[in-house]
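Have a look at the structure below before the remarks.
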Amino acid sequence: MAEPHTFHLPSTHGFVRVAAATPVVHIADPAANAAEHLALIQEAGAAGADLVVFPELSLSAYAIDDLHMQKTLLDAVEAQLPALAQAAAEAGVAAVVGAPIRHGDRLLNCAVLLAGGEIVGAVPKTYLPNYREYYEKRWFAAGDDIGVETLRIAGTDSWIGTRLLFEADDRPGFVVGLEVCEDFWSPLPPSTRQALAGARILCNLSASNIVIGKADERAVLCASQSARAMAAYVFAASGWGESTTDLAWDGQATIHELGARLASGERFSLENHLTIADVDVDRIGLERLRTGTFADCARRELDEEGYIRLGFKVREAAMPGPLTRPLDRFPFVPDDPARLDQDCYEAFNIQMQGLMRRLRSTGSEHIVIGVSGGLDSTQALLVACGAFDRLGLPRTNILGFTMPGFATSEGTRSNAWALMNALGVTGAEIDIRPAAERMLKDIGHAYADGQPAHDITFENVQAGLRTDYLFRLASQNSAFVLGTGDLSELALGWATYGVGDHMSHYNVNGGVAKTLIRHLIRWVAGRDDMAPAAATLNAILDTEISPELVPPGADGRIQSTEETVGPYALNDFFLFHVTRFGMSPSKVAYLAHQAWGDASRGDWPAHHPQADRLGYDLATIKAWLRKFLVRFFQTSQFKRSALPNGPKVVTGGSLSPRGDWRAPSDGTARAWLDELDVNVPDA
């Protein structure tokens, strides 16, 4: 069997598979606990995990009180470590276990990393709780004064200290920081400085008994720490089997990355189990790189003593297969219905607020907008209606114009009129064909001689005339032109430059991706106050995306935007990952193949039409990504360098030259195309 192409390996693209382990606990029985650990380490290895994290004091059990001080117990714990280290090596994973460790005359509550057959190092707990139900200072000493020291354990030399980080051999970015339970409840968790020193995966070995509401609090802490430290955060708490003399345990396990939850385990389970997710350490590094505050904070907070990185060995790469992490097909459109509803509410109000402020600042009480019966002009018109309602201005002050050209269909024209009538705006129609014919004749275009010359000039004459009319109408009516072009079109350069759909006085859609606009319209259509327009809005959603500038061919097929520039679903996916994180084309292709390679796998946004639930093979993804790279990096920046004002809306950023994206207009896509060709196979 041939070896898989490295492109198909998650590790090639900076993914590390981590597991939070929830073992059945045996009270003060290190041998029995080690057996549970062994089974979970083997299971983690079989699942392709690179790192498995156990709870606090997992080898001894946590709630054993004064038994922690028994030499017999401590010897028994220490005796299990070499065998577990060997088991980790055979499984190809790094295992982080919780153990009471003697160091000199102190007993320390430690997280111990085992890998490659070695006890690589131990990190002692910094903050020992001694309040409410916890009395750890009765048994343990704090380890905050131990920077990095040698440790003799189980007959071998190792390391111990709070300034230890752990770095996997030949796995860039796979750098681990360890802390124990109470540490992350402190105002300044040790993991904060571990992250500043380079750790991208932060692990918390916790006991943490459960009471009502505490699980939510722990999840908030994990999410916030992963966001603030720009890291992944793996949390594993003690579960079934711990002593319930005075406390109970739920075995909560969560994995977060940059504030988002990747996975959470079953609570109150009676069985051993793992909670697994693929962490993107490459993405974490890119996020830190583009956020200057992170480096500034590291420079201020890290002292000269610094951190020591200990190397460890894991398998070189897991086998190819589906990623074990949430991966949105539509990064601008959440799969979760409640989150989608919230995003639509916020996006719509951001757009409205931008327009309202511009109306107030200019003193204008009228706007002019071209209404084509397509998605973008529909969304802009809906936003305008909302803004005028909020400002107490009559909707009749919205001057909507439909401007049929050589390829305008009766369907879109009738939808435009039905929409304007349903919304109560002032509608009018200007047939641009006579003016277009005159211009084509004046410039000596072949179409004026009766030839079917439907070239770019033929298209741009129509697009330019429409915008020209709108600007003159704005002057005539003391109004300003409301733009309709969206974020996806700006990325692709799919706009006629200057006096064309590229330009307006203010553009509410410039920060909204095409895929989100579909859901915004569907969201508005579902509102009670939009009942008169709902049928028309749904008809617009069902209409194929087309500029309607070229008449249908002999076969009757209309001009299709997506046949030219590619599916907007893929283009928006490319746009998000290229601009939001600066990912390489090969990684974008890998993620797109994971998200879109199998239409039956994964979730789809609420109400997404069944007919549009498509899949794309790698060759198709690569071909459209190549076209996207050329359009985005090489041929379209000059249009984005001269954009009208408009509000930023989505987390993927905007393409305003005054904001998130600044680039040379005369750049080249060569480096991106070369990277794509070298690293992405055709299948």
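Residue 131 in the working numbering sits at position 131 of the sequence shown, and the numbers go up by one each step. Positions of the beta carbon are idealized from the N, C-alpha and C atoms, including for glycine.
Less than 7 Å between the C-beta atoms of residue i and residue j, yes or no?
i	j	result
V96	C203	yes
P100	L84	no
A260	E56	no
L686	K137	Coverage of the chain is limited to positions 1 through 683, which leaves residue 686 absent and any answer about it impossible.
L164	G121	yes
T515	F330	yes
M230	E149	no
N375	I558	According to the sequence shown, residue 375 is Leu rather than Asn. Going by C-beta atoms, L375 is not nearer than 7 Å to I558.
F332	A513	yes
A89	L51	no
T22	G251	yes
T551	F406	Reading the sequence as shown, one finds Pro at residue 551 and not Thr. Yes. Within cutoff.
G117	Q86	yes
G161	R200	no
K622	V680	yes
A79	I27	no
V383	Q351	yes
N209	E36	no
T684	G493	One cannot answer for residue 684 here, as it falls past the ends of the chain, which runs 1 to 683.
L327	P334	no
I255	T378	no
G14	V281	yes
D677	A619	no
L59	P30	yes
Q637	S654	no
I398	I367	yes
P10	A318	yes
For residue i and residue j, what's the separation of their Cα atoms in angstroms?
i	j	result
G498	A195	47 Å
L673	V588	12 Å
A495	A463	9 Å
R390	A534	21 Å
F458	H505	25 Å
Q342	D336	10 Å
R325	V53	17 Å
H8	A154	40 Å
F471	F480	7 Å
V314	A46	13 Å
G427	E437	24 Å
L419	T484	16 Å
H593	L614	12 Å
R358	A387	10 Å
A641	E365	The sequence given here places Ser at residue 641; Ala does not occur at that position. If you take the alpha carbons of S641 and E365, they lie about 29 Å apart.
T408	L549	7 Å
G311	L262	26 Å
T244	W604	43 Å
W624	A232	32 Å
G424	R601	43 Å
F166	T72	30 Å
I540	A453	29 Å
With DSSP as the reference, please indicate the residues paired to residue i in a beta bridge.
i	result
A237	S206
C110	A99, P124
I367	I398, F480
E118	A115
T687	Outside the shown range of the chain, which is 1 to 683, sits residue 687, and nothing can be said about it.
N507	G483
G19	In the sequence under discussion, the amino acid at residue 19 is Ala, which differs from the Gly named in the question. A19 is bridged to V52, I276.
W159	T150
I201	V176, A232
L165	R309
A94	L51
Do we get a CB-CB distance below 7 Å when we pair residue i with the residues of chain D?
i	result
R631	In the structure shown, chain D cannot be found, because there is only a single protein chain.
If we count the other Cβ atoms within 10 Å of its Cβ and call it buried at 16 or more, is residue i buried or exposed?
i	result
I212	exposed
V24	buried
P532	exposed
D455	exposed
I443	exposed
D372	Rather than Asp, the amino acid found at residue 372 in this sequence is Ser. Classification for S372: buried.
V220	exposed
Checklist entry - Can you list the alpha helix (DSSP H) stretches of 4 or more residues lying completely in the region 392-454, in chain order? => result 410-423, 433-442
Item to check | Length at least 4, wholly inside the region 529-581: the alpha helix (DSSP H) runs in chain order | outcome: 531-541, 561-565, 568-581
Next on the checklist: To test your reading of the DSSP string, which unbroken beta strand (DSSP E) runs of 3 or more residues are found completely within the region 630-661?
Outcome noted: none
Item to check | Contained alpha helix (DSSP H) runs [length at least 4] in the region 26-85, N- to C-terminal order | outcome: 30-46
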